[in-house]
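Notes for the one structure printed next.
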Amino acid sequence: ECRTQSTPGPNRGGKTQARIQKCIAIAINHDPMRPGYSFPFDDSKGPLIIWSCVPAKNTRQELMDLQRRIPPGYKFRTFTAKGDERIEIEPCAGRRFGTIIRIKSYSMPVDQFQREAVHVIMMDEKCPQYIWDECRMRLISTAGWMILAMALYDLEKWLYEKNNKFDKKYRSLTTGLYGWYSWWQSHC
89 ECRTQSTPGP NRGGKTQARI QKCIAIAINH DPMRPGYSFP FDDSKGPLII WSCVPAKNTR
149 QELMDLQRRI PPGYKFRTFT AKGDERIEIE PCAGRRFGTI IRIKSYSMPV DQFQREAVHV
209 IMMDEKCPQY IWDECRMRLI STAGWMILAM ALYDLEKWLY EKNNKFDKKY RSLTTGLYGW
269 YSWWQSHC
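Rendered as structure tokens:
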């Protein structure tokens, strides 16, 4: 089971920028808000793989926002081929084999969400259910993390129900399950 964190909130509330900042903190294994903390991923066999899944209209903006958040001193390359937008951060002290951040569009066919083990998947806004299901499968072998940022007013019923189910499943520490979940309830 992968770990899931949700950050729902109002429109234009800063959820996307917070998600992008967390993405870079995980990518370089350095969180300025928690000095000395290490993100617990097994990347001993190759680079850390992160997917940032966004609506199709936001892919280039996502790429630019991610580039701007990489701290000075970290070397990286950006690839902008349509359907293969990504940033490759070179090996550094926090990531022995570096990090690859792929931008995935919700308009991509389902086969573009298959065949790769992923450590972290970040989703912005609502996604189709078939993409959600495929993304969860990519995290199984790595015990990866799913991080969601979404507006509550546009939340689909199936996703709301899944979120509440996860919340109940991980609400008690006595279950022994590997995972945490945070779901903010609101009457917006």
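Residue numbering for the sequence shown follows our numbering, beginning at 89 and increasing consecutively. For glycine and all other residues, C-beta sits at the position ideal for the given N, C-alpha and C.
Residue pairing of Trp139 in beta bridges, as defined by DSSP: Arg190, Ile209. Cβ-Cβ distances below 7 angstroms link Asn117 to Ser126, Phe127, Gly182, Arg183 in the same chain, with the five nearest sequence neighbours on each side left out; the list follows chain order. In the same chain as Thr147, and ignoring 5 residues on each side of it, the C-beta atoms closer than 6 angstroms to its own belong to Glu173, Ile191, Ser193, in chain order. Take the alpha-carbon of Ala144 and the one of Ser195: they are about 6 angstroms apart.
Just measuring C-alpha positions, the residue of Ser140, Lys163, Val208 sitting nearest Gly171 is Ser140.
By the criterion of at least three beta-carbon pairs nearer than 8 angstroms, the stretch 216 to 225 is not in contact with the stretch 145 to 165. Measuring C-alpha to C-alpha distances from Phe201 to each of Cys180, Arg226, Ile188, Lys103 identifies Arg226 as the nearest.
The alpha-carbon separation between Ile209 and Ala237 amounts to approximately 11 angstroms. Under the criterion of beta carbons closer than 8 angstroms, Ile177 and Cys111 do not qualify as touching, at roughly 11 angstroms.
Closest in alpha carbon position to Gly124, among Pro159, Ala113, Ile175, Thr168, is Ala113. Burial state of Ala169 is exposed, judged by a 10 Å Cβ sphere holding fewer than 16 other Cβ atoms.
Approximately 14 angstroms separates the beta-carbon atoms of Phe167 and Pro135; this is outside 8 angstroms, ruling out the contact. Here Phe127 carries a coil assignment [DSSP, helix/strand/coil]. By the neighbour-count criterion, in which a residue is buried when 16 or more other Cβ atoms sit within 10 angstroms of its Cβ, Met121 is exposed.
When beta bridges are read from the DSSP output, Phe164 appears opposite Ile177.
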